[in-house]
Structures are given as structure tokens and as C-alpha cells.
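The opening position of the sequence shown corresponds to residue 741 in the working numbering, with each subsequent residue numbered one higher. We put the beta carbon where it would ideally sit given N, CA and C, even for glycine. What you are looking at is a predicted structure, and each value in this text was computed from that prediction instead of being measured. One structure is given below, encoded as C-alpha cells.
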Amino acid sequence: MILRADGLRVRPDLDAVAEGNVEFRRAGTLIRAQRLSYDSANDLAAARGQVFVGRDGVSYRGPELQLQVQRFQGFFLQPTFEFESLGAGGHAARIDFIDSARLRAEQAIYTSCPRDPQLEPDWLLRTDRVKLDFDANEGVAEGAVLQFLGVPILALPVLSFPLSDARKSGWLPPSIGLDSRSGFELGVPYYWNIAPNRDATIVPTVLSRRGVAVAGEFRYLEAMHAGRLQLHLLPHDRSTGNSRNAWDIATDGRLGAGLRYRVQAQRVSDDNYWKDFPHLVPSTSPRLLTQDVNVEREVRTVAGLLTGYARLLHWQVLQSSAVEDLIVSPYQRSPQLGLRLAPVLPWGLRGALETELNRFTRPDSAASTLSSTTLSPTALPTGWRAHALGKVSWPFTVPGGWLIPKLTLNGAAYQTDQAGLSTRQSRLIPTASLDTGLLLDRATTWFGRPQRQTLEPRLLYVNTPYRDQAGLPIYDSAERDFNAVSIYAESLFTGIDRVSDSHQITAGFTTRLVDAGTGAETLRLGLAQRTRLRDQRVVIAGEALTKRFSDLLAEGSTSVVERWRFEAALQYNPDTQRVERSILGARFQPGPFRTLSVGYRLARTLSEQVEMGWQWPVYRGTARPIGASGGCGGTLYAVGRLNYSLRDSRMTDSIAGFEYDTACWIGRVGAARLSTGRAEATTRLLLQLELSGLSRLGSNPLQVLKDNIPGYRLLRESRGSPTPTLEP
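Structure follows, in C-alpha cells:
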């Protein structure tokens, strides 16, 4: 025990009275006051006059305190309190300390806004009674009313909340949404902290146009497994008269005997689900949902690392009622069985061997889709395919360059189901290639800054003899996208079924400027072109390719101008002297929470669009005058991304809104537009009120903003408290 004061009267082992700038320390508790008496026999401290108590990151101030210090039992009259970890606090009529981990407060008010007796906080939580249990990480408020800008916005008879960043079971703030298809949505999430490695969120939801729905998410992290399961159920949709549902599962882990597995699966009840509930179909291709189950095992042998695997891959295709919007699904693999070998070879040789057996089928809905298009069922045959793909290379590398000769053998055998095609066919196609390049660099300066400049020329020679493949089915092959990576591919096709009879040379170079001090790339320029040495007869559609020179690919990016970044990629046709495809972009980012970006995308005969993204402060307020409500100024940010199709003369997927950040709360409002057809779109209103030190109310637009706005940053990082992971 330590006791300091301007004046002390002490009776050893009995009591002590201290006056003037008193400081008392005992059992991890600090007490400051103008007057303090201490009864040693009962370990009772009584303090008056500007009393301060600090313990475990929580501080209290008030006029009068009585406390059994070791047990931390007693009361504090008219105290203010401060939670340092949350940056929040408030005041109460009385606080009763039950022990060091539990207390009860009467007529308590809580806020994270600046505490000033002459100012009313922007937001506050007013309660009749609050019970806090720090060991259980639980607070329970009775008669709770949440007030924002002087207006009560939420009243609850009982409110349970966590006292730290740790997870805790309980009801979370309501989630509010509004969209053009479902109307007004109100969800009340319940968070269930099942175990340290398992949790769940359940969200009962009312949709004004559809009825009552429930969404849920279960997450787990085990020693051998990890994953999540999401469900959404609308028992009776008043708009359609049907029951509607969706589920999404993602899990992976290890089984016995060295087996590893992975499951990625999504499914919905109907074709229009992705239009009506786009935020519940988390997929980059919302009309093509996958069900993918994969099991594999690795074994080290004297020949090398051997991997065996088995896979089931199915698709659910969400079709449109408009014939022009119908899509043909990829083939399903039912099953896919394979072996991969990474062999150990002498003399510096490197190799790879892959063998697979696949059963290719189509989804049940494919037949009706084909009947609505110009395709016939025989154009998409089902059947079996066995293939072997072997590669061996002999790399020679030296400082500043490389030379890699390689030989590839692609063999496949087919057994098809449809009449009109040979039921059994096979082919074997060799490919020889030589890949060489240099990596040269030198010291230089750029605008007075020391730089390293590189020159990286590359040459790829490929020779594949012609093999007639016209009568073979196409299960997984397609033309490669023409870009700076695929131009150095040996075949013009992906997959196994088609191998281009390439006899060609691809030449290109890249030069870069790298800051000598930081290693950051200042400038990049690249150029590449393919030269065909003979006609290519193997094509997926159309006639043989006789053009000697491919389109010219050029790319560049630079951040040489401070705070700016420019990027460009062009595909130029020298025969027509036109740009076939281009991507142009610029971003200005002078500091945190300030970013402006513009872009232009062209794919001739397909699409042409411009886009703009931003996060920018448009108004900075000042502290409000004494007596005004709130007491703290804020900054208003405009945020958004607009995509406009020049080809269709309409706005496509876009989002725009505002964020308002004060010292103690953030408000967000925005509208998101998702195109669901040539003349259809879903518009969703996003509203959120984030109360610092408490929680977030409303729908969560943060993921939408981060996914769509280049350079977007959160105005305030999350403290990690449980928040809903599902929207209604």
C-alpha cells in the first residue's frame, strides 16, 4: 500500500486520514482525491472531493467514493467513467462495485462523443440500469434508449453487448435495407458464439414485398478442417407464390491416410434468384453456380512427388426468359480422376506428367436450353475422355538470361455418346518449343532520382505439327484471351481437346524503371507480337488463320508523377490500323481517403465503356457552438464508382453515396445498381450508422465500397467486435 498527501494522520494498523492531493495505491487500484480516510481493519477507503479511481483500463471520477480496496466492493456517487480500450464513457447516478470484475450502474448514459457538460453528445445510450461483468465480457442494459442527434431511434427493454473486442453471443443492431425488388427490409441478427473456434449468425428478416425470411451463417475452424455454411430461406414469397432458398458451402481440410479435401458449392431455388437477391449470391458469375468436390493425396516416391485426385464438378445455370440472354453451361465432370507426377530427373532436366479420366455431362436443364438456340444436341456431345500430358524441359540459366528447350506430348482418347460421331477416337500431338530471354539492368537517374533500368527481351519459338481434330468433341478447350501473358503460350487454346498447329515465333520486350532506394516500380513499358511461320489450320470456329503477323500488344504503367498512376494496355491491328482492344486508366491519390480514378475500356464490336471511381472529402465541418446539439464537427466524403456503356448508352453496374465521419460516429448512405439484363437492373439503397464504441446499425456497404472503388480505404478500422456477416 502506498499513501501520499499534503497532510497525513496515521494510526499504525488502525486507520489513516489524508488531505490535499491524496494518492492511494493498493492491489492494482489507484485512488486520487482531496480527502481520504482508510480503515485498515476493514480495508475500507472513503474519499471525497475530485475523486479519481483507475483500475484495469477503466477510470472513474466523482465527488464521493466508498470502497473495500482488496475486494473492490463499494459505491461511487454521481461518477463519470471512461473505457480506455473503447475510447468511450459516460456518467451515472450511482455505481455499485460488486467485485473487481462486476459492477452495477443506475441511470447511466454511455457515448463515445466528447464529454462536455455544456454539450449534448451526437449520440448516447440512456439506460435505467446497467450490469457489467468483465470476466464474462458481458454488459446488460435495462430500459435502453439509443438517441441520435437528440432523436430516440431505438428502444429496447433489455440490451446485451460485449465489453471488449472478444466475441459474445447476443442480439446485434438491426440491419435495414431498401431495394427495387424486395422493398423495405428489416433484419435483426443474432450472433451465437458457440465456441472459440465456432460461431453462427442468424438473421430473421421482414421484406415488405415478399414476407418473412431467415438467413444464417455457420463458421468453424478445427485442427483438421475449416469452412463456412450460409443459408437463406424465404418460405413463402408473396411476389411469386413460391418457396425460395439458397445455400453456399466452402470447406477444406484433411482426412485420414494423408487425404485432403475441398468443397465449394452453391445452389439456389430458381432462375430469378440472382436478380431478386444479388447480395446473397456471392459469385463472380452469378448465373453460373458451381458445385465442386475435390479429394487428393500426395505420395513421395523414388520417381518423384505423385498426386492422385478425384473430383466432381457440376453446374447450376440460371437462365433468362429472353432467348438472346440464354447461356450454355460448361461441361460437368462426373467424375474427374487423375494422377500428377513431378519426376526426379537427371542432368538438370525438369518434367511433369498428368493423366486423367473424365466423364463429361451436361446439366439437366441443358436440353431445354439447346432447344431454344440454334445449337443441336450433337453439337455438344457427352462422353468419356482419357488423356495424358507429358512435359520435359532442360533449362539453362545464367546471370542475366535463360534458355529453355521443351518437349510436350498431348495424347487423348475419346468415347462419345451421341450418334453421328465416331464413338472411339484418339490422337497424339507433340510440341517442341524454345524459350529464351535476357534480363539486363543498369544504373540511371530519372528526374534527379537514382533508378535501376531493366531491359528484358524475350523470344519464344513453338512448332506443333498439324493433326486433324475436327471430328473430336470439345469439352474444355476455348480460345485463349489475347493478352501479354497468353501471347507467350505454346497453344492458342486452353484445355486438352484442341492443340493449335502452331509454327510461330513470339518476340517481345519489357523495360522497367525501379527506384534504387525503395524498390518501387516507377515505369514499365512492354511490347510483344507473334509471327506465324505457316497457316494455322486447327481452329474452334471459322476458317484457317493465314495472317502472318498477330496484333501488336503494348502495355505501360507509371507513377513517375508524384501521387499519380497511369496505366494503358492496347491491342493494335496493323492490317486495319485500328485499336481492337484497349484499357486506359489514371488514378490520383494525394493522401489517405483521397482517391480519384478514371478508366476507359474498349473491346471492338463487343463493348465500350468509361468508368470513374472516387473517395474524396467534399466538406469539413468545425466544432459546433456551445449549447448546440452534438458538439463535434465532421468531414463529408463523396464515394462511388460509375460505369457507363457507350455502346448501349446506359449506366451499368454502379454505386454512389456519401460518408460522414465525426469524432464518434460515421454515417453512410448510397445506392448500388446491378444490371441483370439488357434492359433490367436492381437498385439497392445502402444505409449505415456506425457508432464508435458501440456498433453499426443498418445494411453494410463497406464490402461493396472496397470491391468497387479503386484505392478506397475505411475511414476507421474495425475493432473486431462481432458484426453481422449477412444482410437481409
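How should residue i be labelled, buried or exposed, when 16 other C-beta atoms within 10 angstroms of its C-beta is the threshold for buried?
| i | result |
| --- | --- |
| Val-1202 | buried |
| Lys-1287 | exposed |
| Leu-754 | exposed |
| Gly-827 | exposed |
| Gly-879 | buried |
| Phe-837 | buried |
| Thr-1163 | exposed |
| Ala-1368 | The predicted position of Ala-1368 is uncertain, since its pLDDT is 39 and thus under 50; a value taken from the coordinates is nonetheless stated next. Classification for Ala-1368: exposed. |
| Asn-1098 | buried |
| Trp-1087 | exposed |
| Asn-1448 | buried |
| Gly-1140 | exposed |
| Asp-746 | exposed |
| Glu-957 | buried |
| Ile-1169 | buried |
| Ser-825 | exposed |
| Lys-1446 | exposed |
| Ala-876 | exposed |
| Phe-1187 | exposed |
| Ser-1025 | exposed |
| Glu-1064 | exposed |
| Ser-1061 | exposed |
| Ala-1260 | exposed |
| Ile-1366 | Residue confidence is low: Ile-1366 scores 35 on pLDDT, short of 50, so the model does not pin down where it sits. No coordinate-derived value is stated. |
So what's residue i in DSSP terms, helix, strand or just coil?
| i | result |
| --- | --- |
| Asp-1016 | helix |
| Arg-749 | strand |
| Leu-1293 | strand |
| Val-1300 | coil |
| Asn-1448 | helix |
| Asp-1157 | coil |
| Ala-953 | strand |
| Tyr-1071 | coil |
| Gly-802 | strand |
| Gly-794 | strand |
| Glu-846 | strand |
| Asp-1255 | strand |
| Val-1379 | strand |
| Gln-1261 | Going by the sequence as given, residue 1261 is Glu instead of Gln. Residue state, collapsed to three classes: strand. |
| Asp-1483 | In the structure as shown, the chain starts at 741 and stops at 1468, and residue 1483 therefore has no counterpart that could be examined. |
| Val-898 | strand |
| Thr-1283 | The amino acid at residue 1283 is misidentified as Thr; the sequence shows Glu. In this structure, Glu-1283 counts as coil in the three-state DSSP scheme. |
| Asp-856 | coil |
| Val-1063 | helix |
| Ser-909 | coil |
| Ile-1306 | Note on identity: in this sequence residue 1306 is Phe, with Ile being the wrong assignment. Note: Phe-1306 maps to strand in three-state DSSP. |
| Gln-1276 | strand |
| Asn-877 | coil |
| Trp-932 | strand |
| Pro-944 | strand |
| Arg-744 | strand |
Under 8 Å from any heavy atom of the ligand PLP, does the C-beta of residue i make it?
| i | result |
| --- | --- |
| Glu-1302 | In the structure shown, the ligand PLP is absent, as is every other ligand, since no ligand is present at all. |
Do residue i and residue j have their CB atoms nearer than 9 Å?
| i | j | result |
| --- | --- | --- |
| Ala-848 | Ala-895 | no |
| Leu-1174 | Leu-1200 | yes |
| Arg-1344 | Glu-1320 | yes |
| Val-774 | Gln-790 | According to the sequence shown, residue 774 is Gln rather than Val. It is a contact, given that the beta carbons lie within the stated cut-off. |
| Arg-907 | Leu-872 | no |
| Ile-1377 | Trp-1356 | According to the sequence provided, residue 1377 is Tyr. The question's Ile does not apply to it. Contact: yes. |
| Leu-1129 | Pro-1070 | no |
| Phe-1289 | Arg-1272 | yes |
Which residue spans inside the stretch 756-785 form an unbroken beta strand (DSSP E) run of at least 3?
769-779
Entirely within the stretch 1317-1369 and at least 3 residues each: give me those beta strand (DSSP E) ranges in chain order.
1318-1331, 1334-1343, 1347-1360
For the stretch 1230-1245 and the stretch 1180-1193, state whether three or more C-beta atom pairs, one from each stretch, are separated by less than 8 Å.
no
Between the stretch 915-928 and the stretch 945-965, do at least 3 Cβ pairs fall closer than 8 Å?
yes
Spell out a yes or no on whether the stretch 1275-1284 and the stretch 1312-1321 are touching, meaning 3 or more CB-CB pairs, one atom from each, closer than 8 Å.
no
Say whether the stretch 1049-1063 touches the stretch 1093-1104, bearing in mind that this needs 3 or more beta-carbon pairs closer than 8 Å, one atom from each stretch.
yes
Below 8 Å, how does it come out for the stretch 774-787 and the stretch 818-825: are there three or more Cβ pairs, yes or no?
Contact annotation: the stretch 774-787 does not touch the stretch 818-825, with fewer than three C-beta pairs closer than 8 Å.
Residue ranges of each beta strand (DSSP E) run of no fewer than 3 residues wholly in the stretch 1387-1411, ordered along the chain?
1394-1402
Evaluate the contact criterion for the stretch 980-997 versus the stretch 1383-1402: three or more CB pairs, one atom per stretch, below 8 Å.
no
Can you check the stretch 1155-1240 for any beta strand (DSSP E) of at least 3 residues that lies completely inside it and give the ranges in chain order?
1164-1178, 1180-1186, 1189-1203
Would you call the stretch 1262-1281 and the stretch 1222-1240 in contact, with 3 or more CB pairs under 8 Å?
yes
Would you be able to state if there are at least three C-beta pairs under 8 Å between the stretch 1007-1025 and the stretch 1033-1040?
no
As an exercise, report each continuous alpha helix (DSSP H) stretch of at least 4 residues that is fully enclosed by the stretch 969-1040, in chain order.
1013-1016
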